[in-house]
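This report refers to the structure that appears directly beneath it.
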Amino acid sequence: MSKSDREAEVFARLQEKLAFLEDNVEQLNDALASQQRELIEMRNVNELLKEKYRQISALQSEAEAVLDEKPPHY
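This note's numbering numbers the first residue of the sequence shown as 998 and each following residue consecutively.
Structure below.
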């Protein structure tokens, strides 16, 4: 095998590896973008749940205050 044949073979392998790495980077980028969208959605749901919890806690506090009131005949 001549030197130029070996260089061509090495170059071809490097091109294959580069194509493989580029594909991997693209797949990882897609996965990261998908996870970022999911994270944003989860944060939004979390904010909604926190607001609902605050509302329920406020209603519960009001209900407890009403229950703690003594009836008018006391």
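Glycine residues also receive a C-beta, built at the ideal position from the N, C-alpha and C atoms.
Would you mind reading off the limits of the alpha helix (DSSP H) that contains SER999? Residue mapping note: residue 999 aligns to position 2 of the sequence shown, counting from 1. Taken as a continuous stretch (DSSP letters only), SER999 belongs to no alpha helix (DSSP H), as it is neither H nor E.
Cutoff 7 Å; reference LEU1029; Cβ partners in own chain excluding five residues on either side: For the purposes of this step, residue 1029 is identified with residue 32 of the sequence shown, where counting begins at 1. So no residue of the chain qualifies.
Give the DSSP-derived three-state secondary structure of GLU1066 in the structure shown. Taking the sequence shown and counting its residues from 1, one reaches residue 1066 at position 69. Correct three-state label for GLU1066: coil.
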